Every structure is written in C-alpha cells, then in structure tokens.
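Below: the structure, in structure tokens.
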Amino acid sequence: MGKLNSLLKLKPFLKKYRLLFGFGILGMIISSIIANPIPYIIGYIMDKVLIGGKSQVTLYYYVIIIAFLYLLRYIVSIASKYMFVKISNLVVNEMRYSVMDKVIDLPMTYLSSTEKGYVQSRISECNSVGTIFSPSIVSIVLSLIDAALALITMFAINYRLALVVFVLTPVFFFSSKVSAGGFMKSTLQMYESSAILNGECFEIMNGIEDIKILNGKATHLKKFKNKLDELIKSSVTQSKSILLFMENITLINNFGSLLILLIASIMIMKGQFTIGLYTSFSLYIVKVFGSVQGLATIGTTIKPVCLSIERLYELLEMKDENTGKNQYLNSKIQSIKIENLAFKYNENAKNVLESFNLEINKGDKVLIRGENGSGKSTFIKLLLGLYIPSKGKISYNNIDSSLINNKSLREKISIVSQNIFLFRGTVLDNILYGQVQKNREDVEILIENLNLREYIDRLPKGLDSEISQNTAGISGGQSQVIAFIRAMLSNKDVMILDEPISNVDAETKDIILNILNGNKFDGILIVISHLTEGINFNSSCTLNVDNIQL
Numbered sequence: 000m001g002k003l004n005s006l007l008k009l010k011p012f013l014k015k016y017r018l019l020f021g022f023g024i025l026g027m028i029i030s031s032i033i034a035n036p037i038p039y040i041i042g043y044i045m046d047k048v049l050i051g052g053k054s055q056v057t058l059y060y061y062v063i064i065i066a067f068l069y070l071l072r073y074i075v076s077i078a079s080k081y082m083f084v085k086i087s088n089l090v091v092n093e094m095r096y097s098v099m100d101k102v103i104d105l106p107m108t109y110l111s112s113t114e115k116g117y118v119q120s121r122i123s124e125c126n127s128v129g130t131i132f133s134p135s136i137v138s139i140v141l142s143l144i145d146a147a148l149a150l151i152t153m154f155a156i157n158y159r160l161a162l163v164v165f166v167l168t169p170v171f172f173f174s175s176k177v178s179a180g181g182f183m184k185s186t187l188q189m190y191e192s193s194a195i196l197n198g199e200c201f202e203i204m205n206g207i208e209d210i211k212i213l214n215g216k217a218t219h220l221k222k223f224k225n226k227l228d229e230l231i232k233s234s235v236t237q238s239k240s241i242l243l244f245m246e247n248i249t250l251i252n253n254f255g256s257l258l259i260l261l262i263a264s265i266m267i268m269k270g271q272f273t274i275g276l277y278t279s280f281s282l283y284i285v286k287v288f289g290s291v292q293g294l295a296t297i298g299t300t301i302k303p304v305c306l307s308i309e310r311l312y313e314l315l316e317m318k319d320e321n322t323g324k325n326q327y328l329n330s331k332i333q334s335i336k337i338e339n340l341a342f343k344y345n346e347n348a349k350n351v352l353e354s355f356n357l358e359i360n361k362g363d364k365v366l367i368r369g370e371n372g373s374g375k376s377t378f379i380k381l382l383l384g385l386y387i388p389s390k391g392k393i394s395y396n397n398i399d400s401s402l403i404n405n406k407s408l409r410e411k412i413s414i415v416s417q418n419i420f421l422f423r424g425t426v427l428d429n430i431l432y433g434q435v436q437k438n439r440e441d442v443e444i445l446i447e448n449l450n451l452r453e454y455i456d457r458l459p460k461g462l463d464s465e466i467s468q469n470t471a472g473i474s475g476g477q478s479q480v481i482a483f484i485r486a487m488l489s490n491k492d493v494m495i496l497d498e499p500i501s502n503v504d505a506e507t508k509d510i511i512l513n514i515l516n517g518n519k520f521d522g523i524l525i526v527i528s529h530l531t532e533g534i535n536f537n538s539s540c541t542l543n544v545d546n547i548q549l
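Numbered per numbering that gives the first Met the number 0, the sequence shown spans residues 0 to 549.
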C-alpha cells in the first residue's frame with residue numbers, strides 16, 4: 000500500500016492540464032538555473048573582495064547582481080508554484096467528481112452494507128491528493144534540480160571534496176529512508192480508524208432524534224469513545240514514527256556536515272583550498288543535503304497521498320450496477336413478467352420473496368397487498384434494478400432485466416416511495432428533479448389538471464417554497480403530494496406507488512385517492528399497500544403477497 004507508482008493513476012486527471020503542468024516544470028528548472036551561481040558569487044566576494052582587494056564598489060556590484068538573481072528567482076518561483084496550486088484544485092475537484100459519479104453507480108448491495116459515513120470519509124480523501132501539487136512538494140522537487148546543479152558546480156570547484164559529498168549523499172538518503180520505519184503502516188491504520196469514526200459520527204447525526212427519544216446517549220457515546228480511542232492510539236503511533244524519523248535525519252545531516260568541515264579545514268591549512276571556496280561549497284552542501292533530506296522525507300507526504308489514491312481507486316475500479324447490462328429499452332414497456340422470483344439480502348438470511356410469479360401488461364392497474372415485512376418494498380427495489388434476484392427473473396418486453404441498463408430502465412419507471420426523500424431547494428426544483436425536458440409551465444398545467452392549485456398555494460411561497468435538509472419546513476403529507484406530482488409529471492410507462500395512503504393525513508389521503516380513481520393511466524400502474532380501502536380500480540388485478548396468489 001502507498002506505492003509510488005500509484006501516482007501514475009493521476010495521469011487521466013492531469014491529461015487535460017498537461018500544458019499548465021509543463022509550464023510549471025519549466026518554471027522550476029529556470030528558477031534553479033537562476034539561483035545556482037549565487038553561492039559561487041558569495042565565495043568569490045569573500046576571497047577577492049573581503050580578503051583580497053577590499054573594494055566597496057566591487058562589493059556593491061556583486062551584491063546588486065545577487066539581489067537581482069534573488070528577485071528574478073522569486074518571480075519565476077511564484078509563477079511556477081501558482082500553476083501547481085491551480086492544477087491541484089482542478090485535479091482534486093475532477094477526481095472528487097469522478098469518485099462521486101462512481102459511488103452513485105455502485106451496486107446497492109455494497110452501498111446498503113457499508114456505512115454512509117465511511118464512504119463519505121473515503122470520498123473526502125480526494126483532498127489529500129492535492130498535496131502532491133502543494134508548494135511544499137513543489138519546493139522539494141525544485142530543490143532536487145538545485146541539488147543536481149549544485150553537485151555539478153561543486154565538482155567544478157574541487158572534485159575531491161565534491162566526491163566526498165557525492166559518496167555521502169546516498170548514505171544519507173538510505174539511512175534517512177530506513178529510519179522511516181513503520182510510518183506508512185501507522186498512517187494506514189490512522190486513515191482506517193478515522194473513516195470508521197466518521198461512520199459512527201454519521202450514524203449519530205442521522206439518528207439523533209431516536210437517540211434522544213430512546214435515551215440512547217450513553218450507548219452511542221460508549222461506541223463513539225471506543226472508536227475515538229482507536230483513532231488516538233493510531234495517531235500517537237504515527238506521531239512517534241515521524242518524530243524518530245526526523246530526528247534521525249537531523250543527526251545524520253549534522254555528522255555529514257562535520258566530516259566535510261574537517262576535510263575542508265585540512266585542505267585550507269595546506270593551501271589547497273580557500274575560505275571563500277569553502278563558503279561557496281558549504282552553501283552548495285546545504286542545497287544537496289537539504290534536497291536529499293527533502294527527498295527522504297517526501298515519502299511522509301507522498302506515500303499517504305499514494306495510499307489515498309489506491310483507496311480511491313478501490314472505489315473507482317469497483318464494478319458498477321450496470322456492469323454486463325448492455326441492452327437498452329428503446330420502446331415503451333408493454334409487459335412485465337416475473338418468473339419464480341426469489342430474493343434475500345445476504346447469503347445467510349432467509350428469502351424475503353420466494354416463488355413469486357406475476358405478469359402485467361400495458362393498461363393494467365395492479366394492487367399488491369400484504370402486511371408490513373411481507374416483501375412489498377423489496378419487490379419494488381427488484382423492479383427498479385436496485386438489487387438482483389437470487390433466483391428467477393424479471394423481464395421487460397421479454398428482455399431479462401439482468402441485461403437491461405438500469406438508467407434505461409429507470410427512465411421508464413416512476414415511483415412514489417413510502418419514505419419520501421426531497422432534496423434541498425424549492426418545491427419546483429424537487430418536482431422537476433431528473434426531468435430536463437419539463438419546465439415550470441408544465442408543472443403549473445399539471446397542478447391545474449389535478450385540482451391541486453389551492454393545496455400548493457397554501458405552501459409559504461407556493462412552488463418557490465424552500466425545502467431544507469431532511470424535508471424540514473414541510474409536512475409528511477405535503478412531501479407525499481410533491482412526490483406524487485413529480486411522478487405524474489414524468490408520465491413514464493410504469494408508475495409505482497409504495498404505501499401511498501398508509502402514513503398520510505386525511506386530506507392527503509383524499510387527494511391521492513381522487514387522483515388514483517379519477518385519472519386514466521396509459522401505461523402500467525402498480526400500487527403496493529397493506530391498506531386497500533378507497534382504492535377502487537375499475538379494471539385491476541389484486542395480488543396478495545402473503546400467499547402469492549393472483
């Protein structure tokens with residue numbers, strides 16, 4: 000885990016920004032070239048100006064040159080780093096979009112068995128990918144170019160001393176690398192503990208009302224504390240690893256510099272070297288050792304990024320719910336045929352549905368009744384392709400649903416669920432959700448035709464009334480009516496109503512029954528309910544899920 004070649008997986012996301020990336024790299028190279036002569040000039044000033052000629056004019060001349068080089072490097076460096084900051088934001092957001100796109104397409108078998116907070120935490124790891132283009136990482140890469148140029152210059156100054164530095168460099172690097180030890184292992188554990196803790200937080204926030212009602216605070220806090228303790232433990236372990244890592248690097252760096260000082264001092268005493276050249280050499284050594292240190296420590300930043308990339312690709316490379324489903328419903332749904340249908344949510348559970356058979360044709364109004372827990376809602380999920388039957392099959396127009404692309408299928412089926420979920424936005428936004436061909440005028444006409452104008456106008460701002468998170472601001476009955484209008488507006492081949500009159504107030508119940516009994520449906524209407532009073536279909540078949548008899 001956390002392999003450097005994982006960075007290659009960023010290539011698809013970088014592709015469209017390759018020109019910007021190229022200019023950033025070019026700017027880094029130019030920046031290093033500009034700065035490289037500065038240590039040599041400083042050494043020259045010491046030997047020829049301070050110790051030698053002692054000319055203030057010459058001193059000012061070289062100081063102005065150094066100042067100009069510093070300023071020029073500053074401008075070029077900022078420009079190149081800005082390009083990488085821009086790339087970071089673009090790549091991270093594109094990756095975040097791709098991961099969310101993938102998550103939405105993942106099978107419900109995965110999504111329903113995985114904590115939402117855990118999945119959310121995995122998605123948030125996209126943020127850490129941007130670290131690879133951060134100014135700190137760019138500076139380390141820039142220092143590598145500085146180090147390469149510094150080594151070349153050092154060999155030009157004194158090849159013997161440069162050879163010592165050259166030999167010490169890999170020793171310094173590998174010693175630093177070995178000292179990293181268990182850093183990556185502890186980082187992986189910390190990521191996992193953090194994701195699990197986020198999952199627990201999500202559950203608490205999602206069920207906070209029930210926690211209050213059931214006095215479950217102590218139970219959830221205990222679970223939260225256990226997961227928090229695990230995160231603290233893994234975080235402390237990671238901190239210990241990185242502390243030891245950094246101190247080892249500092250120790251090795253100090254002894255390397257001391258050895259160079261000893262050799263250079265002996266050469267100066269023998270007249271084979273000058274103080275000015277040693278000053279230049281020392282400044283170049285700082286570049287080389289600083290670069291090697293950065294390269295050795297870069298793993299503490301890049302490896303977690305690589306780890307995040309690998310974890311994100313675990314999601315991106317998962318098979319989505321349309322894998323192998325390459326057929327499309329290009330014509331209207333004329334028939335639905337269920338043959339020996341059986342389903343269970345996992346291998347160890349018992350069947351929710353068993354030996355279920357049903358055939359429905361265009362124009363049919365079907366009432367499926369049964370008590371709570373009899374498998375009615377599961378049947379809907381199977382019809383919509385959210386789950387795959389354990390046995391048997393569902394066919395649309397004699398095409399096995401296991402072969403039909405789910406998007407194609409759902410474009411032809413509308414549903415009003417038992418538990419309505421409305422999105423943040425206006426009532427109009429929710430009615431038009433997923434219907435790009437419809438507009439406000441279409442909604443207004445439908446409301447008039449359904450005699451719902453007075454009902455909608457009672458909302459604070461009518462169709463423009465705002466709905467906040469978890470449908471706050473409107474009642475359950477209003478949510479049901481909004482979802483019902485949305486389903487009617489879509490005018491799809493199949494309409495499914497799940498418990499449309501079971502959990503609503505008297506007014507909403509009357510509205511829904513009037514629409515059900517008084518409107519013509521050109522396609523297939525499936526009503527699933529354990530309450531049937533008032534549902535009077537002129538032509539229908541009634542299926543009792545409990546005994547599977549038509």
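Each residue gets a CB set at the ideal place from its N, CA and C atoms; glycine is no exception. None of these values were measured; they are calculated from a predicted model.
Under a 10 Å Cβ-count criterion, PRO388 is classified as buried, with 16 or more other Cβ atoms of the shown protein chains found around its own Cβ. Within the DSSP bridge table, the entry for GLU246 names no partner. With respect to the 8 angstroms criterion, PHE171 and VAL285 are not classified as neighbours on the basis of their beta carbons. Here LYS2 has CYS305 and GLU309 as same chain residues with Cβ atoms under 8 angstroms from its own Cβ, once five neighbours each way along the sequence are excluded. Under DSSP, GLN479 shares a beta bridge with no residue. Counted as a single uninterrupted DSSP element, the stretch harbouring ASP521 is not any beta strand (DSSP E), since DSSP gives it neither H nor E.
DSSP, reduced to helix, strand and coil, places GLY323 outside both helices and strands of the structure shown, so it counts as coil. When the alpha-carbon of ILE274 is set against those of GLY51, PHE132 and ARG159, the nearest one is in GLY51. A Cβ-Cβ separation of about 5 angstroms places SER142 in contact with GLY293 under the 8 angstroms criterion. Put simply, of SER376, GLN237, TYR117 and SER279 the residue whose alpha carbon is nearest the alpha carbon of PRO38 is SER279. Proximity to SER30 across ILE77, ASN4 and VAL56 peaks at ILE77, based on C-alpha coordinates.
Closest in C-alpha terms to ILE419, from the list MET153, GLY198, ILE481 and ILE231, comes ILE481.
When secondary structure is reduced to three states using DSSP, LEU167 falls in the helix class.
Of the residues GLU370, ILE248, THR322 and ASP441, the one whose Cα lies closest to the Cα of GLY289 is ILE248.
Per the coordinates, the alpha-carbon of TYR277 lies some 21 angstroms from the alpha-carbon of ILE33. By alpha-carbon distance to ILE24, the top candidate from VAL48, TYR73, GLN55 and SER79 is SER79.
If you look at VAL426, you'll find it in the alpha helix (DSSP H) that goes 426-430. Nearest to ILE103 by C-alpha distance, out of ASN405, ASP428 and MET82, is ASN405. Looking at the DSSP output, ILE393 bridges to ILE337. One Cα belongs to CYS200, the other to PHE67, and the distance between them is close to 55 angstroms. By the Cβ criterion, the segment 55-75 is not in contact with the segment 95-115, since fewer than three pairs of Cβ atoms, one from each stretch, lie closer than 8 angstroms. SER354: member of the beta strand (DSSP E) spanning 352-360, first to last residue.
In the same chain as MET266, and ignoring 5 residues on each side of it, the C-beta atoms closer than 6 angstroms to its own belong to PHE272, in chain order.
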